[in-house]
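Each remark here refers to the structure printed beneath this line.
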Amino acid sequence: MPEAVLAPLSGLDTLDDATCAALRARLQEAGFTSGALDDAEAIAPMMPAALRAPLVRVHLKRRPGTASTLLAVFVHRFGATASGVREALGDALYRKALAASLLDECDGRVSSRWILLPFGGRWYLSDPLESGEDAVMGPGMTTVMLHGWSEVFDAASVLDLGCGAGSLAVAAASRGARAVAADLNERALAIARFNARLNGTTVETRGGDVAETAMGEEFDLVLAQPPYFAQPESERGSTYLHGGRYGDELALRFVSTAARRLAPGGTALVLFDFAQREGANVGEKVREAVGDAAVTTLAITRPSMPLDLNAVHTAAWHHPALGPEFEAAATAYREHFHALGVSALTSVLVVLRRPRSAEEPRWRVVLAHGGSKPPSPEALRDQLRSMDFAARPDAALLPLTLVPARGARFEGEWRHPGDPDPLQLKVAFEPGSFGSDRELGAGGWHLFALFDGSRTLADVVREHAEEAELDAAPAAKEVIGFAREGLARGLMRVAD
48 MPEAVLAPLS GLDTLDDATC AALRARLQEA GFTSGALDDA EAIAPMMPAA
98 LRAPLVRVHL KRRPGTASTL LAVFVHRFGA TASGVREALG DALYRKALAA
148 SLLDECDGRV SSRWILLPFG GRWYLSDPLE SGEDAVMGPG MTTVMLHGWS
198 EVFDAASVLD LGCGAGSLAV AAASRGARAV AADLNERALA IARFNARLNG
248 TTVETRGGDV AETAMGEEFD LVLAQPPYFA QPESERGSTY LHGGRYGDEL
298 ALRFVSTAAR RLAPGGTALV LFDFAQREGA NVGEKVREAV GDAAVTTLAI
348 TRPSMPLDLN AVHTAAWHHP ALGPEFEAAA TAYREHFHAL GVSALTSVLV
398 VLRRPRSAEE PRWRVVLAHG GSKPPSPEAL RDQLRSMDFA ARPDAALLPL
448 TLVPARGARF EGEWRHPGDP DPLQLKVAFE PGSFGSDREL GAGGWHLFAL
498 FDGSRTLADV VREHAEEAEL DAAPAAKEVI GFAREGLARG LMRVAD
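In my numbering, the protein residues as written are 48 to 543.
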């Protein structure tokens with residue numbers, strides 16, 4: 048199968064602001080929105096696009112209309128009839144799209160060398176991933192997560208580090224922030240600028256290596272989804288995909304740069320996969336990357352895609368025909384992990400925060416998140432607030448009122464009466480919550496029950512001292528230690 052050719056950038060300059068505004072309005076009117084995309088993406092999830100394609104094609108045929116036509120051309124790249132696409136866009140926009148090489152027409156059929164994705168009420172142009180090593184990646188699942196988390200922060204200035212198609216920068220600019228899109232790939236910067244115009248806003252761009260990116264500038268929010276796939280020696284590198292031999296080397300460089308681009312009070316979110324192997328600890332690697340930067344650090348870990356599935360997906364992106372080249376690439380990726388001793392991939396969200404002053408509390412924590420879904424934006428906000436309180440001196444904690452974290456529920460189960468502790472008590476969390484399910488002994492259960500929102504921490508200390516017949520000092524040590532751990536581990540939060 049011949050390699051796809053990158054679409055020319057020159058045509059994008061022919062689409063002026065008025066045309067971009069008309070195109071936005073037409074796409075919205077046609078129903079080419081995130082909802083339509085989500086409807087199609089629900090078919091055979093987690094499967095490579097090439098395997099899903101026949102079922103998606105059936106799905107779109109069963110739902111005829113302008114949205115399905117545009118999905119077929121710009122997302123799934125099945126092509127459509129010229130008459131159908133002309134009807135979807137309108138005659139004037141159709142002709143301009145042809146002239147700008149957004150569309151190609153041949154023998155009454157229309158296709159595109161671009162991908163155009165609806166996401167978050169906006170639209171983003173990007174390249175098909177098999178189009179070459181400089182292909183520019185559009186919004187994906189990591190973008191969805193970072194976008195949701197980013198809305199928690201009130202940021203006047205935002206740096207989209209390793210921006211790709213500029214999705215996060217454009218979204219920030221649309222919210223009124225000064226947005227900077229940075230990438231090593233000049234093609235990515237050109238596409239990011241176009242996507243800003245397409246969505247009726249503007250972004251600044253910065254080029255060059257990540258270590259020099261935006262040198263001397265500071266931002267309220269830094270967002271990064273760096274390339275983090277491992278690269279076998281037999282596979283040609285891709286700017287958008289590969290992050291080094293293990294895959295996480297480049298991502299850790301992004302962490303280092305993000306830590307040094309924060310304004311006082313600023314936050315950075317860096318999302319990537321870490322290769323689990325002997326002698327490499329994610330907490331230590333993040334600490335090494337941060338170095339002497341004056342930031343607090345939270346690394347939230349979750350299981351990522353299994354190694355076998357990772358190898359299949361990565362190979363399918365480059366070889367969507369699923370022929371002998373796909374088989375060779377999938378084998379190379381899986382054998383590469385085996386040769387390196389990689390046992391699993393762990394998704395890591397690194398949250399960096401620069402204190403406003405030297406007096407503010409600082410912490411460095413690695414927190415395993417065992418939920419079936421990533422933490423929600425609200426859960427992340429609560430957790431960062433809780434960790435700030437957990438780092439305060441004892442005297443500052445005593446006036447606070449603590450309650451169970453949102454999404455926590457309490458379960459008890461009687462086991463065999465012959466067991467030393469026949470009652471199993473635990474805290475379980477709903478999907479999207481921050482905490483991980485954990486068992487509580489009778490003592491922990493008793494303490495947890497005291498944090499019901501009706502008492503301050505000082506009240507809990509006094510009540511626990513009376514019930515446990517303890518002096519004030521040991522009771523305070525026990526309760527405050529339990530409260531700190533509960534705040535840091537997502538079990539509790541400070542009442543609103």
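By construction, the Cβ of each residue, glycine as well, lies at the ideal position given by its N, Cα and C atoms.
Asked                                                                                                            : Found
Extent of the continuous alpha helix (DSSP H) to which Cys67 belongs                                             : Asp64 to Glu76
Expected contact under 8 Å - CB spacing of Gly247 and Arg71 to nearest Å                                         : 7 Å
Closest Cα partner of Glu88 within the set Leu396, Val105 and Leu74                                              : Val105
Pair within 8 Å by beta-carbon distance, Ile238 and Ala203                                                       : no
Among Arg307, Gln272, Ala305 and Val120, nearest to Gly290 - alpha-carbon criterion                              : Gln272
Beta-carbon proximity check, Arg401 vs Ala341, cutoff 8 Å                                                        : yes
Other residues of its chain near Ser158: CB distance less than 6 Å, five sequence neighbours each side excluded  : Gly126 and Asp151
Beta-carbon proximity of Val199 to Pro424, cut-off 8 Å                                                           : yes
Candidates Arg283, Ala530 and Tyr287: closest to Thr503 by CA position                                           : Ala530
Secondary structure of Trp364, DSSP reduced to three states                                                      : helix
6 Å Cβ shell around Arg133 - same chain, five flanking residues per side excluded                                : Tyr141
Sequence-distant residues of its chain with Cβ nearer than 6 Å to Ala226 (five each side left out)               : Val205, Ala216, Ala219, Ala220 and Val250
Same chain, Cβ closer than 7 Å to Asp210, neighbours up to 5 away in sequence not counted                        : Note that residue 210 corresponds to Cys in the displayed sequence, not to Asp. Hits under 7 Å: Ala216, Ala228, Ala229, Asp230, Ala235 and Ala239.
Stretch pair the stretch 307-321 + the stretch 388-396: three plus CB contacts closer than 8 Å                   : yes
Whole-angstrom distance between Pro367 and Leu145, CA atom to CA atom                                            : 26 Å
Euclidean distance between Cα positions of Gly131 and Asp85                                                      : 22 Å
Which of helix, strand or coil DSSP assigns to Asp435                                                            : helix
Beta strand (DSSP E) runs contained entirely in the stretch 329-400, provided each spans 3 or more residues      : 343-350 and 391-400
Phe79, DSSP secondary structure in three states                                                                  : coil
Closest residue to Ala54 among Ile162, Ser404, Arg509 and Gly284 (Cα-Cα distance)                                : Ile162
Runs of beta strand (DSSP E) lying entirely within the stretch 264-322, each at least 3 residues, in chain order : 266-271 and 289-291
Pair within 8 Å by beta-carbon distance, Ala277 and Tyr293                                                       : yes
Beta-carbon proximity of Leu117 to Phe166, cut-off 8 Å                                                           : no
Euclidean distance between Cα positions of Leu494 and Pro440                                                     : 20 Å
For Ala226, the first and last residue of its enclosing beta strand (DSSP E)                                     : Arg225 to Ala229
Backbone CA spacing between Leu427 and Trp196 [nearest angstrom]                                                 : 7 Å
Alpha-carbon to alpha-carbon, Pro92 and Ala386                                                                   : 29 Å
Residue burial classification, Met188 (beta-carbon count within 10 angstroms, cutoff 16)                         : exposed
Residues bridged to Thr252 (per DSSP)                                                                            : Ala228
C-alpha distance - Glu525 paired with Glu486, whole-angstrom precision                                           : 18 Å
Arg411 vs Thr344 beta-carbon contact at 8 Å                                                                      : yes
Beta-bridge pairing of Leu172 - partner residues as DSSP gives them                                              : Leu163
Per DSSP, the bridge partner or partners of Met539                                                               : Pro451
Length-filtered (4 minimum) alpha helix (DSSP H) runs lying within the stretch 494-529                           : 504-515
Bounding residues of the beta strand (DSSP E) (the contiguous stretch that carries Leu487)                       : Arg485 to Leu487
Buried versus exposed, by CB contacts within 10 Å (16 or more), Ala377                                           : buried
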